[in-house]
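Student: Sharing a structure with you now.
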Amino acid sequence: QRCSRCKETFYCSRSCQEADWKSHHKLECPARAVLKKAFADAHLQGTDVLQDALLAGRCVRNTVTGQSGALEDLESGQAFLKPEEEAQIKAIAQTMARAT
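With our numbering applied, the sequence shown covers 1215 to 1314.
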């Protein structure tokens, strides 16, 4: 199964697709094009950039709703980041803030 709108997100089944649509993808799908353009304008390249941004968005939403997979879970891994990875994450966050 693949999202019929963005054609970029794949699912193992229709039920997984419906669950993801309700919880996250409904917001992410239209934001993909905006974020891709903003990242390109900021010279942030690669598929990981968009995926990292979408994951961060999910974590922020989970923090607000109290679900598992919250932002604190990402922050606890910060000690394991290389300096260039940490710099890229900061650049992604700044670009997302300007794009929205």
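Built from N, CA and C at the ideal position, the CB exists for glycine as well.
This structure is a prediction, so every number in the text was calculated from the model and none was measured.
According to the neighbour-count rule (16 or more other Cβ atoms, all chains shown, within 10 Å of its Cβ), is residue 1252 buried or exposed?
Tutor: Here residue 1252 corresponds to residue number 38 of the sequence shown, with the count starting at 1. Label assigned to residue 1252: buried.
Student: Quick one, are the C-beta atoms of residue 1249 and residue 1267 less than 7 Å apart?
Tutor: Indexing the sequence shown from 1 puts residue 1249 at position 35. Indexing the sequence shown from 1 puts residue 1267 at position 53. Yes, the pair counts as a contact, with Cβ atoms nearer than the cut-off.
Student: By how many angstroms is the C-alpha of residue 1215 removed from the C-alpha of residue 1310?
Tutor: As a working mapping, residue 1310 is identified with position 96 in the sequence shown. As a working mapping, residue 1215 is identified with position 1 in the sequence shown. Residue 1310 and residue 1215 have their alpha carbons spaced roughly 28 Å apart.
Student: Since residue 1232 is in the alpha helix (DSSP H), which residue starts that stretch and which ends it?
Tutor: As a working mapping, residue 1232 is identified with position 18 in the sequence shown. Element bounds for residue 1232: 1228 to 1234.
Student: Have a look at 1227, 1230, 1239 and flag the residue whose alpha-carbon is nearest the alpha-carbon of residue 1219.
Tutor: In the sequence shown, counting from the first residue as 1, residue 1219 sits at position 5. Checked all of 1227, 1230, 1239; the closest Cα to residue 1219 is 1239.
Student: Can you list, in chain order, the residues of its chain with a C-beta nearer than 8 Å to that of residue 1264? Leave out the 5 residues immediately preceding and following it.
Tutor: For the purposes of this step, residue 1264 is taken as residue 50 along the sequence shown, with counting starting at 1. Cβ neighbours of residue 1264 within its own chain (closer than 8 Å, five residues either side excluded): 1246, 1249, 1250, 1253.
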